[in-house]
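A short write-up of the structure that comes next.
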Amino acid sequence: MADPGEDPFSRLLDDHKDFLEKLAELEATLDEMVRTRKATEANRAVLDEALRFLEEELLPHFRLEDEVVLPALESRVGRFGSLVNVVAYEHEEIRREVGKFREARADLTVARDPGPAIEELNRHGIFTIQFLWDHFRKERTSLFPTAREQLPPEDLSAIRRKLSR
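Sequential numbering from -15 applies to the sequence shown in the working numbering.
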């Protein structure tokens, strides 16, 4: 049971911190691959783990926000022209980028010359990393504070309960 004094968004904020650490490892691997123009087995393992993380941790995290946080806030501030719409759009953009990253990873598997596949992986990977960094900042500094201000205590309690592990 969730502690009633706990920030309703603590789980999401904790996830963001964990995700940023994982994204830092991906960024370092992409940097190494671009620098060396090679994809070692260790690099490929990091790419595969990053793809697993994106699909099995990040996208379900977005689904939680889409199903629990955004509808509650939308009922108070509306959707269009609001941060709710921006965040929902960004979730869709990241879903598209995960698909592009998956395709680029598959291309690396079959490429005779890994250079172009590495460039494509780097392009989508770095975009995703930078976009997520900004997205998490936006949620931390704008979305969640707006929800804390706009939502009544019973809605915040419901969010806390739904997000408790």
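For each residue, glycine too, the CB sits at the ideal point set by N, CA and C.
Task: Close beta carbons around Gly62, own chain, < 8 Å, minus the five adjacent residues each side - done: Start at 1 with the first residue of the sequence shown, and residue 62 comes out as number 78. Apart from sequence neighbours up to five positions away, the residues of its chain that approach Gly62 with a beta-carbon distance below 8 Å are Val68, ordered along the chain.
Task: Complete runs of the alpha helix (DSSP H) confined to the stretch 5 to 78 [at least 4 residues] - done: Listed in chain order, they are 25 to 37, 43 to 48, 54 to 61.
- [ ] For Met(-15), count neighbouring C-beta atoms within 10 Å of its own C-beta (all shown protein chains included) and say buried if the count is 16 or more, exposed if not.
- [x] Here residue -15 corresponds to residue number 1 of the sequence shown, with the count starting at 1. Here the model assigns Met(-15) a pLDDT of 45, short of 50, so the residue's position is not dependable and the matter cannot be decided.
Open item on the list: Measuring straight from C-alpha to C-alpha, what distance separates Arg(-5) and Ala34?
Closed with: Position 11 of the sequence shown, counting from 1, holds the residue named residue -5. Position 50 of the sequence shown, counting from 1, holds the residue named residue 34. Spanning the two alpha carbons is a distance of roughly 21 Å.
- [ ] From the DSSP output, in three-state form, read off Leu105 for me.
- [x] Stepping through the sequence shown from its first residue, residue 105 is reached at position 121. Looking at Leu105 - three-state DSSP - the assignment turns out to be helix.
Open item on the list: If you reduce the DSSP assignment to three classes, tell me which class Ala(-14) lands in.
Closed with: Counting from 1 along the sequence shown, the entry for residue -14 is found at position 2. Residue placement at Ala(-14) cannot be trusted, given a pLDDT of 48 that sits under 50; what the coordinates show is reported in the next sentence. Coil, per DSSP.
Task: Element boundaries [alpha helix (DSSP H), containing Arg132] - done: The residue you call residue 132 lines up with position 148 of the sequence shown. Taken as a continuous stretch (DSSP letters only), the alpha helix (DSSP H) holding Arg132 covers 128 to 134.
Open item on the list: Is it the case that the stretch 106 to 117 contacts the stretch 81 to 89, given that we only count it when at least three CB pairs across the two stretches are under 8 Å?
Closed with: Counting Cβ pairs under 8 Å, three or more are found: they touch.
Open item on the list: Can you give me the C-alpha to C-alpha distance between Asn(-8) and Phe46, rounded to a whole angstrom?
Closed with: Taking the sequence shown and counting its residues from 1, the one referred to as residue -8 is at position 8. Taking the sequence shown and counting its residues from 1, the one referred to as residue 46 is at position 62. In the sequence on display, residue -8 carries Pro and not Asn. Across the structure, Pro(-8) and Phe46 are spaced so that their CA atoms are roughly 16 Å apart.
TODO: Spell out a yes or no on whether the stretch 49 to 62 and the stretch 20 to 29 are touching, meaning 3 or more CB-CB pairs, one atom from each, closer than 8 Å.
DONE: Taking 8 Å as the limit for Cβ pairs, the verdict is that the stretch 20 to 29 does not touch the stretch 49 to 62.
Task: Local conformation of Asp(-2) per DSSP, three classes - done: Position 14 of the sequence shown holds residue -2. Residue state for Asp(-2) is assigned as helix, using DSSP reduced to three classes.
Open item on the list: Which same chain residues end up closer than 8 Å to Gly99 when comparing Cβ atoms and leaving out the 5 residues on each side of it in sequence?
Closed with: Numbered from its first residue, the sequence shown carries residue 99 at position 115. Arg21.
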